[in-house]
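Novice:
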Amino acid sequence: MEEFATLSYGGREVRLPVIVGSEGERAIDITRLRERTGLITHDPGFANTGCCRSAITFVDGERGVLRYRGIPVEELAAHSTFKETAFLLVHGRLPSPRELTRFSVLLNDHSLVHEDMKIFYQNFPRSSHPMGILSSMVNALRSFYPELQNLEEEVNVTVTRLLSKVRTMAAMSYKISRGHTVVYPRPDLTYCANFLNMMFSTPVRPYEIDPEVVRALNVFLILHADHEQNCSTAAVRLVGSARVNLYAAISSGIAALWGPLHGGANQAVIEMLAAIRGEAGGVRKALARARDPADPFRLMGFGHRVYKTYDPRAKILKEVVHGLLDRLRLEDPLLDCARELEEAALQDPWFVERRLYPNVDFYSGILLRAIGIPTNMFTVLFAIGRLPGWIAQWKESLEDPEGRLWRPRQIYVGPTERRYVPIEAR
Ligand code: CMC
Numbered sequence: 014m015e016e017f018a019t020l021s022y023g024g025r026e027v028r029l030p031v032i033v034g035s036e037g038e039r040a041i042d043i044t045r046l047r048e049r050t051g052l053i054t055h056d057p058g059f060a061n062t063g064c065c066r067s068a069i070t071f072v073d074g075e076r077g078v079l080r081y082r083g084i085p086v087e088e089l090a091a092h093s094t095f096k097e098t099a100f101l102l103v104h105g106r107l108p109s110p111r112e113l114t115r116f117s118v119l120l121n122d123h124s125l126v127h128e129d130m131k132i133f134y135q136n137f138p139r140s141s142h143p144m145g146i147l148s149s150m151v152n153a154l155r156s157f158y159p160e161l162q163n164l165e166e167e168v169n170v171t172v173t174r175l176l177s178k179v180r181t182m183a184a185m186s187y188k189i190s191r192g193h194t195v196v197y198p199r200p201d202l203t204y205c206a207n208f209l210n211m212m213f214s215t216p217v218r219p220y221e222i223d224p225e226v227v228r229a230l231n232v233f234l235i236l237h238a239d240h241e242q243n244c245s246t247a248a249v250r251l252v253g254s255a256r257v258n259l260y261a262a263i264s265s266g267i268a269a270l271w272g273p274l275h276g277g278a279n280q281a282v283i284e285m286l287a288a289i290r291g292e293a294g295g296v297r298k299a300l301a302r303a304r305d306p307a308d309p310f311r312l313m314g315f316g317h318r319v320y321k322t323y324d325p326r327a328k329i330l331k332e333v334v335h336g337l338l339d340r341l342r343l344e345d346p347l348l349d350c351a352r353e354l355e356e357a358a359l360q361d362p363w364f365v366e367r368r369l370y371p372n373v374d375f376y377s378g379i380l381l382r383a384i385g386i387p388t389n390m391f392t393v394l395f396a397i398g399r400l401p402g403w404i405a406q407w408k409e410s411l412e413d414p415e416g417r418l419w420r421p422r423q424i425y426v427g428p429t430e431r432r433y434v435p436i437e438a439r
């Protein structure tokens, strides 16, 4: 039976339809609110605003549940590969063996980057942040790969191109920033192994591919592959709503992800842990600073807009980090520091009251360090992981019959009408 919410305003009652999602989530449909009442809504940070109907990812922040296309992320992390998960997100179902092979062939076919693009990389100052470079280069792809005539072909080819090339471009940017020879993708390697080889192989020292490292990278990327309407995905949808090309929309997502409150937190966590470790009583001081309302300091890798319990991704990553360090016989003092900080924060009433738990970024940096990824590339790895999610969400928004140009309203609080004063009279 259809449900309604009743709004009582100005002596009138307005019935607003209630939309029910497949997991029982309820939303008041305010599409006709302004037309019927003259009112708009005010929701800074959109914490109570659903911007679309989506069949891609389900998050229950109270119970710590995350599913892609209905499949729990724990199952995907245990059994799937990033490539297969990317297919699942973009196409809505797990691929058949044939489809997966075809997808692999396409990814391989599109893995090279136009040679002229190398010059761009060479001309960025060496100190440039790789996220700035990646965002610019992805936007530049449209100039090198013009639009195809057939929309379906355009969507399919562009999607595969992006998934494959972003990985090559990320490794290329790392190599060029170090003054090293670019390593090209190899057709005999899997998605993640190829990336590691492009990052770490040199003409004089071939990279030894360790299946444990490849597996850990797969899990990292799977766990980052989508997270419904987060800041960067909302950016992709918003920019995409102006009907820009996919490269431009993804480039805006990369720019949003760079921020330390979002994907940039994985780099910030490592920097924070190193600072805490270098100081006597560092954990205690960090917690005190985080509690101080006059101090802008925040515990990076802690807290989440949606999760009010342990982030399921952080739980998996914590285990993977331990397993990987053990198997590689590595010790990372930052892991001990992270554990100590987590324990202290989870017992601190201030954090407990605010329901602040480790999020995906808390342990991911330690994993990436163990793999050998430099700190300033951490958020780039997040971007490679999030790419299938951004693409799936962009595709869904294109196909959405309710899809329109995103154009929020505002409540104007500036001066009311006043006269222009000529400069000589000011
Ligand atoms: N350290 C200290 N206090 C915090 C933190 C934190 N990390 N996160 C939230 N709080 C406090 C905040 O000060 C506020 O306290 P009070 O009610 O006394 O003013 C309360 O918790 C609510 O915070 P909020 O800013 O209203 O919460 P939000 O939902 O707007 O912010 C967040 C979510 C992720 C931006 C925030 O938790 C944060 O800044 N975390 C650190 C950065 C981080 O780890 N980001 C990665 C997020 S997960 C991956 C991703 O999205 O990329």
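Positions in the sequence shown are counted from 1; adding 13 to them yields the numbering used here.
Ideal Cβ positions, reconstructed from N, Cα and C, are used throughout, including at glycine.
Among Lys331, Arg139, Ser140, Leu164, which residue has its Cα nearest to the Cα of Phe233?
Specialist: Selected option, being the one with the closest Cα: Lys331.
Novice: Here's the rule: buried if 16 or more other CB atoms are within 10 angstroms of the residue's CB, otherwise exposed. What is Gly276?
Specialist: When all chains shown are included, Gly276 counts as buried.
Novice: Helix, strand or coil for Tyr433? Go by DSSP, reduced to three states.
Specialist: Correct three-state label for Tyr433: coil.
Novice: If you draw a straight line from the alpha carbon of Asp223 to that of Met211, how long is it in whole angstroms?
Specialist: The straight-line gap from Cα to Cα measures roughly 14 Å.
Novice: From what residue to what residue does the beta strand (DSSP E) around Ile41 run?
Specialist: That run of the beta strand (DSSP E) goes 39-41.
Novice: Looking only at its chain, what residues have a beta carbon closer than 8 Å to the beta carbon of Glu415, apart from the 5 residues adjacent to it on each side?
Specialist: The residues are Cys65, Arg66.
Novice: Rounded to whole angstroms, what's the CA-CA distance from Met346 to Met313? Just pull it up for me.
Specialist: In the sequence on display, residue 346 carries Pro and not Met. Each residue's Cα considered, the two are about 18 Å apart.
Novice: Just to check my reading of the structure: Arg82 and His237 have Cβ atoms closer than 8 Å, yes? What is that Cβ distance to the nearest angstrom?
Specialist: Going by Cβ atoms, the distance from Arg82 to His237 rounds to 16 Å, so no, they are not a contact pair.
Novice: Leaving out the 5 sequence neighbours to the left and right, which residues in its chain are closer than 7 Å to Ile41 when beta-carbon positions are compared?
Specialist: So the qualifying residues of the chain are Ala18, Leu29, Val31.
Novice: Measure from the alpha carbon of Ser148 to the alpha carbon of each residue in Phe95, Ser245, Pro435, then state which is nearest.
Specialist: Ranking the options by Cα distance to Ser148, first place goes to Ser245.
Novice: What residue range does the beta strand (DSSP E) around Pro30 cover?
Specialist: Note, Pro30: beta strand (DSSP E), 25-33.
Novice: Spatial neighbours of Asn258 within its chain, please: CB distance less than 6 Å, with the 5 preceding and 5 following residues excluded, ordered by chain position.
Specialist: Arg155, listed in sequence order.
Novice: What I want to know is whether the C-beta of His275 ends up closer than 7 Å to one or more non-hydrogen atoms of ligand 1.
Specialist: Flag set: Cβ of His275 near ligand 1.
Novice: Opposite Pro85 in the DSSP bridges: which residues?
Specialist: DSSP, once it has assigned bridges, lists Arg80 as partnering Pro85.
Novice: For Met185, count neighbouring Cβ atoms within 10 angstroms of its own Cβ and tell me buried if that reaches 16, exposed if not.
Specialist: So Met185 ends up on the buried side.
Novice: Below 7 Å, is the gap between the Cβ of Asn389 and the nearest heavy atom of ligand 1?
Specialist: Flag unset: Cβ of Asn389 not near ligand 1.
Novice: Classify Glu221 as helix, strand or coil using the three-state DSSP reduction.
Specialist: DSSP places Glu221 in coil when its eight states are reduced to three.
Novice: Determine the extent of the beta strand (DSSP E) in which Val72 is found, giving its start and end residues.
Specialist: Val72 -> beta strand (DSSP E) spans 70-73.
Novice: Cβ of Met285 within 7 Å of any heavy atom in ligand 1?
Specialist: Flag unset: Cβ of Met285 not near ligand 1.
Novice: Please report the distance separating the alpha-carbon of Val226 from that of Asp349.
Specialist: Each residue's alpha carbon lies about 21 Å from the other.
Novice: For Gly253 and Trp407, what's the separation of their Cα atoms in angstroms?
Specialist: Approximately 7 Å, taken between the alpha carbons.
Novice: Cβ of His142 within 8 Å of Cβ of Asn389?
Specialist: Yes, these two residues count as a Cβ contact at 8 Å.
Novice: Could you have a look at Leu234 and say whether DSSP puts it in helix, strand or coil?
Specialist: Residue state, collapsed to three classes: helix.
Novice: Report back the beta-carbon spacing between Gly316 and Leu381 to the nearest angstrom; my notes put them in contact at under 8 Å.
Specialist: Between Leu381 and Gly316 the Cβ distance is about 21 Å, and since that is not below 8 Å, they are no contact.
Novice: Does Gln242 pass the burial test, meaning 16 or more other C-beta atoms within 10 Å, or should it be called exposed?
Specialist: Result: buried.
Novice: Please find out if some non-hydrogen atom of ligand 1 comes closer than 7 Å to the beta-carbon of Asn372.
Specialist: Yes, ligand 1 has a heavy atom inside 7 Å of this Cβ.
Novice: If we ignore side chains and look at the alpha-carbon of each, how far apart do Pro159 and Ile132 end up?
Specialist: Looking at the two C-alpha atoms, the distance is approximately 19 Å.
Novice: Which residue wins for smallest C-alpha separation from Arg49, given the options Ile69, Trp419, Val33, Arg25?
Specialist: Per the Cα distances, Arg25.
Novice: Three-state secondary structure (DSSP) at Tyr134?
Specialist: Residue state, collapsed to three classes: helix.
Novice: Could you tell me whether the Cβ atoms of Thr98 and Pro401 are closer together than 8 Å?
Specialist: Yes. Within cutoff.
Novice: Under the criterion of a Cβ to heavy atom distance below 7 Å, does Asn61 qualify as lining ligand 1?
Specialist: Incorrect: Asn61 has no Cβ contact closer than 7 Å to ligand 1.
Novice: Specify whether the stretch 113-128 and the stretch 169-176 touch according to this definition: at least 3 beta carbon pairs, one from each stretch, less than 8 Å apart.
Specialist: Enough Cβ pairs lie closer than 8 Å, so yes.
Novice: Here's a check: name, in chain order, each residue in its chain whose Cβ is nearer than 7 Å to the Cβ of Ser93, leaving out the five neighbours to either side.
Specialist: The residues are Ile235.
Novice: Give me whichever residues DSSP pairs with Ser156 in a beta bridge.
Specialist: The partner list for Ser156 (beta bridge, DSSP) is empty, contrary to what the question assumes.
Novice: Evaluate Val217 with the Cβ neighbour count: other Cβ atoms within 10 Å of its Cβ, from every protein chain shown; 16 or more gives buried, anything less gives exposed.
Specialist: Exposed, by the Cβ-count rule.
Novice: For a quick check, are the C-beta atoms of Tyr376 and Ala327 less than 8 Å apart?
Specialist: Result yes, Cβ atoms of Tyr376 and Ala327 sit closer than 8 Å.
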